[in-house]
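Asker: Please read through the structure below; I'll follow up with questions.
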Amino acid sequence: MKTAAVTSILMIGFLSAHSANAASLYAGQSKAAAVCSQCHGIRSPSADAPFPPLAGRDADYLESALKQYRDKTRVSDIMNNIAGSLTDRDIENIAAYYAKQKP
Amino acid sequence: MKTTKRQLPKSVILGLAAILLPVAAQATSESPQHIQKLYDENCASCHGSDHGGFIAPGLNSDTLKGRSPTALRSLIMTGSFDTLMPPFFGRLSDDEIRGLVKHLQTTPKQANPAWTIDDIKASIKVYVEDESKLPAKPIYDIDNIDNIIGVAARGKYGRGSGSKAVFINSVTHKQIGEIPTGTAAHIIDYNPANPRWAYVKTDTAEIFKVDLYSMQAVRSVKTGFNGPGLGVSRDGKYIMAGSYVPHNAVILDADTLEPLKTFELEGIDPDGKMVTSDSGMIIGTPFDDIFAIALENAGQVWVVDLKEGFPVTKIENVGRHLHDAFLTHGGSKLMVASYDDSIVTAIDLKDRKIIKKLEAGCVPHVGGGAAVEVDGRTLGFGTNFGDCDKMVVSVWDLDKMEVVKQIPVDGGTESPAAHANAPYVAVDIISKDKRARTIQLIDKKSLEVVKTLDVGGHAYFPEYSADGKFLYVSAGYSGDEVVVYDSASLQKVATISMESPAGIFSHGRVRYMTRGLSPDEMKGAK
Numbered sequence: 001m002k003t004a005a006v007t008s009i010l011m012i013g014f015l016s017a018h019s020a021n022a023a024s025l026y027a028g029q030s031k032a033a034a035v036c037s038q039c040h041g042i043r044s045p046s047a048d049a050p051f052p053p054l055a056g057r058d059a060d061y062l063e064s065a066l067k068q069y070r071d072k073t074r075v076s077d078i079m080n081n082i083a084g085s086l087t088d089r090d091i092e093n094i095a096a097y098y099a100k101q102k103p
Numbered sequence: 104m105k106t107t108k109r110q111l112p113k114s115v116i117l118g119l120a121a122i123l124l125p126v127a128a129q130a131t132s133e134s135p136q137h138i139q140k141l142y143d144e145n146c147a148s149c150h151g152s153d154h155g156g157f158i159a160p161g162l163n164s165d166t167l168k169g170r171s172p173t174a175l176r177s178l179i180m181t182g183s184f185d186t187l188m189p190p191f192f193g194r195l196s197d198d199e200i201r202g203l204v205k206h207l208q209t210t211p212k213q214a215n216p217a218w219t220i221d222d223i224k225a226s227i228k229v230y231v232e233d234e235s236k237l238p239a240k241p242i243y244d245i246d247n248i249d250n251i252i253g254v255a256a257r258g259k260y261g262r263g264s265g266s267k268a269v270f271i272n273s274v275t276h277k278q279i280g281e282i283p284t285g286t287a288a289h290i291i292d293y294n295p296a297n298p299r300w301a302y303v304k305t306d307t308a309e310i311f312k313v314d315l316y317s318m319q320a321v322r323s324v325k326t327g328f329n330g331p332g333l334g335v336s337r338d339g340k341y342i343m344a345g346s347y348v349p350h351n352a353v354i355l356d357a358d359t360l361e362p363l364k365t366f367e368l369e370g371i372d373p374d375g376k377m378v379t380s381d382s383g384m385i386i387g388t389p390f391d392d393i394f395a396i397a398l399e400n401a402g403q404v405w406v407v408d409l410k411e412g413f414p415v416t417k418i419e420n421v422g423r424h425l426h427d428a429f430l431t432h433g434g435s436k437l438m439v440a441s442y443d444d445s446i447v448t449a450i451d452l453k454d455r456k457i458i459k460k461l462e463a464g465c466v467p468h469v470g471g472g473a474a475v476e477v478d479g480r481t482l483g484f485g486t487n488f489g490d491c492d493k494m495v496v497s498v499w500d501l502d503k504m505e506v507v508k509q510i511p512v513d514g515g516t517e518s519p520a521a522h523a524n525a526p527y528v529a530v531d532i533i534s535k536d537k538r539a540r541t542i543q544l545i546d547k548k549s550l551e552v553v554k555t556l557d558v559g560g561h562a563y564f565p566e567y568s569a570d571g572k573f574l575y576v577s578a579g580y581s582g583d584e585v586v587v588y589d590s591a592s593l594q595k596v597a598t599i600s601m602e603s604p605a606g607i608f609s610h611g612r613v614r615y616m617t618r619g620l621s622p623d624e625m626k627g628a629k
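This is how it looks when you write it as structure tokens:
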């Protein structure tokens, strides 16, 4: 019984670790290339561009910001439109991808 | 109010607008002059300073007729994905963008602006006064100057700090220098007689004379408003440059960049109509002291002798809408791509006559071309950038001047790369979807596509290093890097970051004339 409880705790541990790692960098890069890179760059924005860099930013921050833009709880003409089509999974992947890039 | 306006006849609205506009202009400072300046400074380098289009579509009352102003406004704000069109959100105000849309939808294509030999002369800028004080050899480590590879970096906005010519050592894959060009670099050409000089031409028709030894620009000249055409003569004494706007070409002294003679590009097209013409490719050849220039709209190739008065021999009826070309047979034959009739026309530069018109595929864009010797035959490779049902790379036997094979590829293609020492001919797939990330490799012997590489960005303009060991490809548009592969294993070996890289030009080109031929082919010509 005790063993089973420990096992299930371990299992939960594994599972949550698994879901945290589930974000796919490859899918994130591909989505970033299609949706974000036009303004923010695939690694960094153009030196002449007025857009904020995303490389190396905290993944959780990027995720919550993107969700706010998508859900229009944070208002921006352009970001509300662009983030509007992203799924939770897309957002997770994109955030993980940019967080991994060197600023 | 809106309903009333809709019911008013057009003339009344125009009259009202004429009265209201000047007032509005004063009130908002969105004057026509201000908007025109915005166009010149943000749009003209790609869309043409005559509003007639260049590497991007024409923006005028005709081409934008019936387009929704709202859709155009959001396109300018966000840019256009899968193209070079950048987002102007944050760079232009919303009022400016609205003003631009209105201006573009009411402005017709402009007449050719004047840019005379005196204007060209007056535009010369000298950055290094005394060239004799330049270092006698490269100030960086390099075994052979042919190992230099130049990349035309466009910069995200086609101008600004990202616009430059970047030079790389193709042995170490490290950047050895960069030349800021202000607007997007488009073509890099090398002086065949003196290895230290390179010439970089921008989308705004400025040419920079670059000292490769000290990696700096020594002079520049503005030869027009838009146009990529650039060639260097075999003796390294002359440059010829041609423009889309205005419709002219000019021969310059390659040393001082002083203009020597201008040419008005006009002639009778294959339909018998007299037209003025964009300048297509310009090429110098190891075969003779001449330049060949394609008159795009007139369908003519002109051969200019580099002697007193620069006399011109005109070859007519070459094709409908010519563009680029490549040389073969020691530079005595020229293969010219013709968009609208989807042919490549072989021209004999000795007799100055058309040899034959060869089937090319769908809208041929040979992008500098490629030719390789396989089992005793010299094969030419022709890319086609049209998106048709039949997407092929054409292979011609350049001795017999006949089609050997049309190799099916994944999409439209723009530029082939080949090297005598490399097993594959690389072509860039440019169709506007995920295929644009890729290049395909054709086996020289089997003439089949054997591999597809996912390069990223908009992958285009493959180029081999002078020794043939490495394949360079631009991950362009938003890819922002040049990717280097081992030519045999096709493993990725390096990346070099830059903003929106495009054309790649190996210094080795001066030795092998057309990519894929061995340097012996050129020697044979003399």
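First to last, the protein sequences are chains P and L.
According to this note's numbering, the first sequence is numbered sequentially starting from 1.
According to this note's numbering, the second sequence is numbered sequentially starting from 104.
Even glycine gets a Cβ: it sits at the ideal position worked out from N, Cα and C.
This structure is a prediction, so every number in the text was calculated from the model and none was measured.
So which of P/Ala59, P/Lys102 and P/Tyr97 has the shortest CA-CA distance to leucine 25 of chain P?
Answerer: Working through the first sequence from its first residue, we reach residue 25 of chain P at position 25. Checked all of P/Ala59, P/Lys102 and P/Tyr97; the closest Cα to leucine 25 of chain P is P/Tyr97.
Asker: The alpha helix (DSSP H) that contains serine 37 of chain P, what's its start and end?
Answerer: Within the first sequence, the letter at position 37 stands for residue 37 of chain P. Note, serine 37 of chain P: alpha helix (DSSP H), 37-40.
Asker: Measure the alpha-carbon distance for serine 81 of chain L versus asparagine 81 of chain P and round it to whole angstroms.
Answerer: The shown model of chain L, from 104 to 629, leaves out residue 81 of chain L, and the question about it has no answer.
Asker: Quick one: what's proline 511 of chain L bridged to in DSSP?
Answerer: Position 408 of the second sequence holds residue 511 of chain L. L/Val495.
Asker: I need the straight-line Cα distance from glycine 489 of chain L to alanine 256 of chain L, nearest angstrom please.
Answerer: Stepping through the second sequence from its first residue, residue 489 of chain L is reached at position 386. Stepping through the second sequence from its first residue, residue 256 of chain L is reached at position 153. Distance between the alpha carbons of glycine 489 of chain L and alanine 256 of chain L: 24 Å.
Asker: To which residues does DSSP link isoleucine 310 of chain L through a beta bridge?
Answerer: As a position in the second sequence, residue 310 of chain L is number 207, starting the count at 1. L/Lys304 and L/Val324, per the DSSP bridge assignment.
Asker: Can you tell me the Cα-Cα spacing of arginine 612 of chain L and phenylalanine 413 of chain L, whole angstroms?
Answerer: Along the second sequence, read from residue 1 onward, the residue named residue 612 of chain L stands at position 509. Along the second sequence, read from residue 1 onward, the residue named residue 413 of chain L stands at position 310. Distance between the alpha carbons of arginine 612 of chain L and phenylalanine 413 of chain L is about 26 Å.
Asker: Take glutamine 29 of chain P and list the residues in its own chain whose beta-carbon comes closer than 6 Å to its own, dropping the five residues that flank it on each side.
Answerer: Here residue 29 of chain P corresponds to residue number 29 of the first sequence, with the count starting at 1. Correct list, in chain order: Tyr97.
Asker: What does the Cβ neighbour count give for glutamine 594 of chain L, buried or exposed, with the cut at 16 atoms within 10 Å?
Answerer: Here residue 594 of chain L refers to the residue found at position 491 when the second sequence is read from its first residue. The residue is exposed, with fewer than 16 neighbouring Cβ atoms inside 10 Å.
Asker: I'd like to know if arginine 43 of chain P contacts chain L, where contact means its C-beta is closer than 8 Å to some C-beta of that chain.
Answerer: Against the first sequence, residue 43 of chain P aligns to sequence position 43. Answer yes: the Cβ-Cβ gap between arginine 43 of chain P and chain L drops below 8 Å somewhere.
Asker: Assuming isoleucine 457 of chain L contacts threonine 326 of chain L (C-beta within less than 8 Å), just tell me the rounded distance between them.
Answerer: Translated into the one-based positions of the second sequence, residue 457 of chain L becomes position 354. Translated into the one-based positions of the second sequence, residue 326 of chain L becomes position 223. The Cβ separation is near 29 Å, so there is no contact.
Asker: Whose C-beta lies closer than 7 Å to the C-beta of valine 126 of chain L among residues of the same chain, with five residues either side of it excluded?
Answerer: Reading the second sequence from its first residue, position 23 is the one you call residue 126 of chain L. Residue placement at valine 126 of chain L is poorly supported in this model, since its pLDDT is 42, which falls under 50; the coordinates are not used for a value here.
Asker: What whole-angstrom Cβ distance do isoleucine 242 of chain L and serine 317 of chain L have, given they're in contact under 8 Å?
Answerer: As a working note, residue 242 of chain L is residue 139 in the second sequence. As a working note, residue 317 of chain L is residue 214 in the second sequence. At roughly 6 Å, the Cβ-Cβ gap stays under 8 Å, so isoleucine 242 of chain L and serine 317 of chain L are in contact.
Asker: Roughly how many angstroms separate the alpha carbons of leucine 119 of chain L and serine 171 of chain L, rounded to a whole number?
Answerer: Here the question's residue 119 of chain L lines up with position 16 in the second sequence. Here the question's residue 171 of chain L lines up with position 68 in the second sequence. Annotation note: pLDDT 40 at leucine 119 of chain L (below 50); position unreliable, coordinate value reported separately. Approximately 22 Å between the Cα atoms of the pair.
Asker: Less than 6 Å between C-beta atoms, sequence neighbours within five positions excluded: which residues of the same chain meet that for glycine 472 of chain L?
Answerer: Within the second sequence, numbered from 1, the residue matching residue 472 of chain L stands at position 369. Result list for glycine 472 of chain L: Phe429 and Thr617, in chain order.
Asker: Could you tell me which chain L residues have their CB closer than 7 Å to the CB of serine 37 of chain P, listed as they occur along the chain?
Answerer: On the first sequence, residue 37 of chain P is found 37 positions in, with the first residue counted as 1. Per Cβ cutoff of 7 Å: Ser581.
Asker: Taking the CB atoms as reference points, tell me whether aspartate 408 of chain L and aspartate 427 of chain L lie closer together than 8 Å.
Answerer: Numbered from its first residue, the second sequence carries residue 408 of chain L at position 305. Numbered from its first residue, the second sequence carries residue 427 of chain L at position 324. No.
Asker: If you run the structure through DSSP and keep just helix, strand and coil, what is serine 518 of chain L?
Answerer: Residue mapping note: residue 518 of chain L aligns to position 415 of the second sequence, counting from 1. Serine 518 of chain L: strand per DSSP, three-state reduction.
Asker: Identify the contact partners of threonine 181 of chain L in chain P, using a Cβ-Cβ distance below 9 Å as the criterion.
Answerer: To locate residue 181 of chain L, count along the second sequence from 1; it is residue 78. Correct list: Gln38, Cys39, Ile78, Asn81 and Ile82.
Asker: Select from the segment 503-518 of chain L all residues with a C-beta closer than 7 Å to any C-beta belonging to chain A, and list them in chain order.
Answerer: Reference to chain A is not applicable here, since the protein chains of this structure are P and L.
Asker: Run through chain L and tell me which residues come within less than 7 Å of proline 50 of chain P, C-beta to C-beta.
Answerer: Numbered from its first residue, the first sequence carries residue 50 of chain P at position 50. What proline 50 of chain P touches in chain L: Gly193 and Arg194.
Asker: May I have a chain-ordered list of the alpha helix (DSSP H) segments no shorter than 4 residues that lie completely inside the segment 226-303 of chain L?
Answerer: Those alpha helix (DSSP H) runs which fall completely within the segment 226-303 of chain L and span 4+ residues do not exist here.
Asker: Could you tell me if serine 609 of chain L is buried or exposed, where buried requires 16 or more neighbouring beta carbons within 10 angstroms of its beta carbon?
Answerer: As a working note, residue 609 of chain L is residue 506 in the second sequence. Result: buried.
Asker: Check whether the Cβ atoms of glutamate 584 of chain L and lysine 259 of chain L sit closer than 8 Å, and answer yes or no.
Answerer: Locating residue 584 of chain L in the second sequence gives position 481, where the first residue counts as 1. Locating residue 259 of chain L in the second sequence gives position 156, where the first residue counts as 1. Result no, Cβ atoms of glutamate 584 of chain L and lysine 259 of chain L do not sit closer than 8 Å.
Asker: Excluding five sequence neighbours on each side, which residues of the same chain lie with their C-beta closer than 8 Å to the C-beta of arginine 538 of chain L?
Answerer: Position 435 of the second sequence holds residue 538 of chain L. So the qualifying residues of the chain are Asp513, Gly514 and Ile532.
Asker: Could you pull out every residue in the same chain whose Cβ sits closer than 6 Å to the Cβ of alanine 128 of chain L, ignoring the five residues on either side in sequence?
Answerer: Translated into positions along the second sequence, residue 128 of chain L becomes position 25. Because the pLDDT at alanine 128 of chain L is just 41, under 50, the model does not fix this residue reliably, and the point stays unresolved.
Asker: Span of the alpha helix (DSSP H) holding valine 613 of chain L?
Answerer: As a first step, residue 613 of chain L is located in the second sequence; it is residue number 510 there, counting from the start. Element bounds for valine 613 of chain L: 612-615.
Asker: Just to confirm, is the Cβ distance from valine 406 of chain L to arginine 455 of chain L under 8 Å?
Answerer: The sequence position of residue 406 of chain L within the second sequence is 303, counting from 1. The sequence position of residue 455 of chain L within the second sequence is 352, counting from 1. In this structure, arginine 455 of chain L lies closer than 8 Å to valine 406 of chain L by Cβ.
Asker: From the DSSP output, in three-state form, read off aspartate 427 of chain L for me.
Answerer: The residue labelled residue 427 of chain L in the question sits at position 324 within the second sequence. DSSP places aspartate 427 of chain L in strand when its eight states are reduced to three.
Asker: Throw me the rounded Cβ distance for the serine 382 of chain L and leucine 360 of chain L pair, which I believe falls under 8 Å.
Answerer: Numbered from its first residue, the second sequence carries residue 382 of chain L at position 279. Numbered from its first residue, the second sequence carries residue 360 of chain L at position 257. The pair is not a contact, with the Cβ atoms about 18 Å apart (cut-off 8 Å).
Asker: Using only the alpha-carbon positions, how far apart do alanine 529 of chain L and glutamate 517 of chain L sit?
Answerer: By 1-based counting over the second sequence, the position of residue 529 of chain L is 426. By 1-based counting over the second sequence, the position of residue 517 of chain L is 414. So the alpha carbons of these two residues sit roughly 11 Å apart.
Asker: Classify isoleucine 385 of chain L as helix, strand or coil using the three-state DSSP reduction.
Answerer: For the purposes of this step, residue 385 of chain L is taken as residue 282 along the second sequence, with counting starting at 1. Three-state result, isoleucine 385 of chain L: strand.
Asker: Per DSSP, which residues does proline 467 of chain L bridge with? Please list them.
Answerer: Counting from 1 along the second sequence, the entry for residue 467 of chain L is found at position 364. Answer is L/Asn487.
Asker: Taking the alpha-carbon of proline 238 of chain L as reference, which of L/Tyr567, L/Ser196 and L/Val321 has the nearest alpha-carbon?
Answerer: Here residue 238 of chain L corresponds to residue number 135 of the second sequence, with the count starting at 1. Of the candidates L/Tyr567, L/Ser196 and L/Val321, the one whose C-alpha sits nearest the C-alpha of proline 238 of chain L is L/Val321.
Asker: How would you write the range of the beta strand (DSSP E) that serine 93 of chain L sits in, first residue to last?
Answerer: Past the boundaries of the shown model lies residue 93 of chain L; chain L is included only from 104 to 629, so the question cannot be answered.
Asker: Among L/Lys453, L/Phe366 and L/Glu411, which has the Cα closest to the Cα of threonine 431 of chain L?
Answerer: Stepping through the second sequence from its first residue, residue 431 of chain L is reached at position 328. Residue L/Lys453 is the option with its Cα nearest to threonine 431 of chain L.
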